[in-house]
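Q:
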Amino acid sequence: MTMVLTLIAGASGRRNLPPLADAVAVAVDITTEPTWLAHDACDLVLDAISPRLAEATARAVIGDAEIDVLVQPVTNRRKRLLVADMESTIIENEMLDELAEFMGLRQKVSEITRRAMNGEIDFTAALQARVSLLAGLPNHVLEEAVGRIRVRTGARQLIATMRSAGAVTALVSSGFMVFAEPVAVELGFDHVVANRLDLTAGRMAGTVPPPIMTGESKKETLLTLAAEHSVPLQQSMAVGDGANDLPMLGAAGMGIAFHAKPAVAASARWRLDHADLIGLLYAQGYRRDEILG
Numbered sequence: 343m344t345m346v347l348t349l350i351a352g353a354s355g356r357r358n359l360p361p362l363a364d365a366v367a368v369a370v371d372i373t374t375e376p377t378w379l380a381h382d383a384c385d386l387v388l389d390a391i392s393p394r395l396a397e398a399t400a401r402a403v404i405g406d407a408e409i410d411v412l413v414q415p416v417t418n419r420r421k422r423l424l425v426a427d428m429e430s431t432i433i434e435n436e437m438l439d440e441l442a443e444f445m446g447l448r449q450k451v452s453e454i455t456r457r458a459m460n461g462e463i464d465f466t467a468a469l470q471a472r473v474s475l476l477a478g479l480p481n482h483v484l485e486e487a488v489g490r491i492r493v494r495t496g497a498r499q500l501i502a503t504m505r506s507a508g509a510v511t512a513l514v515s516s517g518f519m520v521f522a523e524p525v526a527v528e529l530g531f532d533h534v535v536a537n538r539l540d541l542t543a544g545r546m547a548g549t550v551p552p553p554i555m556t557g558e559s560k561k562e563t564l565l566t567l568a569a570e571h572s573v574p575l576q577q578s579m580a581v582g583d584g585a586n587d588l589p590m591l592g593a594a595g596m597g598i599a600f601h602a603k604p605a606v607a608a609s610a611r612w613r614l615d616h617a618d619l620i621g622l623l624y625a626q627g628y629r630r631d632e633i634l635g
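Under the working numbering, the residue at position 205 of the sequence shown is numbered 547, and the numbers go up by one with no gaps.
Written out as structure tokens, the structure reads:
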């Protein structure tokens, strides 16, 4: 099976990419020239070396340069289904942290968020605990928080390019539909799935009605969408940053931990620590002139 090693540079790693790509090629005994997808990404086709050894060797050569390394089969490289986490992945924010700021509780809530996303505490319990702290928050604050949403660099290009190529895209969030829906509409996702908030008399009730979107729920959503759209799992991609994303990352043909919490980055087969979301397109072999937006 032919394998490809892709190097993708973050902003500060771009000037070092050409010499390091050459050094990686020598270290893994590649005789062909790199295929440049863009000034910040290139492919190296592997010969006899094992994929795991090639990746480890490349990481050793790169050292602390801000360059990501992905190794995968060439077959089924371009994906027909993308399932993406929202908070700290497609957008920069954690929206419960944003709401907590209106009540002077950001530090307390963000610490619970951090521990849950790193897998230190149960996600569902952490979600309910954070929402309970926000009981009584008026509805208009939810609208104000929507205005604070910051879409990550590359998100628009990722969704536009994959949809143009015929892929199905889904935003699957363990956050709340009041935030996920406007993000999905703005970016053009085909599907959006998220939790709902209990609201009473124009205020947050401090509870989350079932069913709650858990890590297993995200995985099941991926499997359901793949079946509904007749997409083999090898042709699916998932991306997320938190511990509750690991089930879907493991189920997808390519599951990428994106700027992930330490425990998640260590557990995922693939990860992007430095590149923006356009890196998910380079991972699929898209060249810069094929990327929309």
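Ideal Cβ placement from N, Cα and C applies to all residues, glycine included.
#1: Just the Cα atoms here: how many angstroms apart are Ala-547 and Val-483?
#2: Since Leu-614 is in the beta strand (DSSP E), which residue starts that stretch and which ends it?
#3: Relative to the C-alpha of Ala-487, which residue among Leu-438, Leu-529, Arg-456 and Ser-515 is closest?
#4: To the nearest angstrom, how far is the alpha carbon of Leu-567 from that of Gly-627?
#5: Alpha carbon to alpha carbon, how far is Ala-390 from Glu-436? Give it in angstroms, no decimals.
#6: Look at the alpha carbon of Ser-452 and the alpha carbon of Ala-602, and state the distance between them as a whole number of angstroms.
#7: Grab me the residues of Ala-522's own chain with a C-beta within less than 7 Å of its C-beta, minus the 5 sequence neighbours each way, in chain order.
#8: Could you give the uninterrupted runs of the alpha helix (DSSP H) lying entirely in the stretch 533-610, keeping only those of 4 residues or more?
#9: Strictly by DSSP, which residues pair up with Val-411?
#10: Expressed to the nearest angstrom, what Euclidean distance is found between the alpha-carbon atoms of Gly-597 and Thr-503?
#11: Using alpha carbons as the reference points, say which of Ile-620, Ile-433 and Val-387 lies closest to Asp-364.
#12: Given this structure, state the Cα-to-Cα distance separating Ile-501 from Gly-530, to the nearest angstrom.
#13: Pick helix, strand or coil for Ile-433, following the three-state DSSP scheme.
#14: Are the beta-carbon atoms of Ala-594 and Leu-623 separated by less than 8 Å?
#15: State the CB to CB distance for the pair Val-573 and Leu-423, rounded to an integer number of angstroms; the pair is presumed to be in contact (CB under 8 Å).
#16: If I measure Cβ to Cβ from Thr-344 and keep anything under 6 Å in the same chain, skipping five residues before and after, which residues do I get?
#17: Buried or exposed for Gly-355, going by 16 or more other Cβ atoms inside 10 Å?
#18: Counting C-beta neighbours from all protein chains within 10 Å, is the total for Ala-580 16 or more, i.e. buried, or is it exposed?
#19: Give every residue of the same chain whose Cβ lies closer than 6 Å to the Cβ of Lys-561, excluding the five residues on either side of it in the sequence, and list them in chain order.
#20: In chain order, what residues of the same chain have a beta carbon less than 6 Å from the beta carbon of Met-519, not counting five sequence neighbours either side?
#21: Counting along the chain, where does the alpha helix (DSSP H) carrying Phe-521 start and finish?
#22: Thinking Thr-466 and Ile-554 are a contact (beta carbons under 8 Å), I'd like their distance in whole angstroms, please.
#23: Rank Ala-426, Leu-469, Thr-431 and Leu-395 by C-alpha distance to the C-alpha of Gln-414 and give the top, closest one.
#24: Alpha carbon to alpha carbon, how far is Ala-605 from Asn-481?
#25: Assuming Asp-410 contacts Leu-614 (C-beta within less than 8 Å), just tell me the rounded distance between them.
#26: Are there 16 or more other CB atoms within 10 angstroms of the CB of Ala-402, so buried, or fewer, so exposed?
#27: With a cut-off of 8 Å on the beta carbons, I'd call Arg-494 and Ile-433 a contact; round off their distance for me.
#28: Leaving out five residues on either side along the sequence, give the residues of the same chain with a beta carbon under 8 Å from the beta carbon of Phe-444.
#29: What residues are listed by DSSP as bridge partners for Val-387?
A: Once the coordinates are examined:
#1: 14 Å
#2: 612-614
#3: Leu-438
#4: 23 Å
#5: 44 Å
#6: 16 Å
#7: Met-428, Leu-513, Ser-515, Val-534 and Ala-536
#8: 557-570, 588-593 and 604-609
#9: Leu-349
#10: 18 Å
#11: Val-387
#12: 7 Å
#13: strand
#14: no
#15: 4 Å
#16: Val-416
#17: buried
#18: buried
#19: Pro-589, Met-590 and Ala-593
#20: Ala-536 and Arg-538
#21: 519-529
#22: 5 Å
#23: Leu-395
#24: 35 Å
#25: 5 Å
#26: exposed
#27: 6 Å
#28: Leu-479, Val-483, Glu-486 and Ala-487
#29: Val-346
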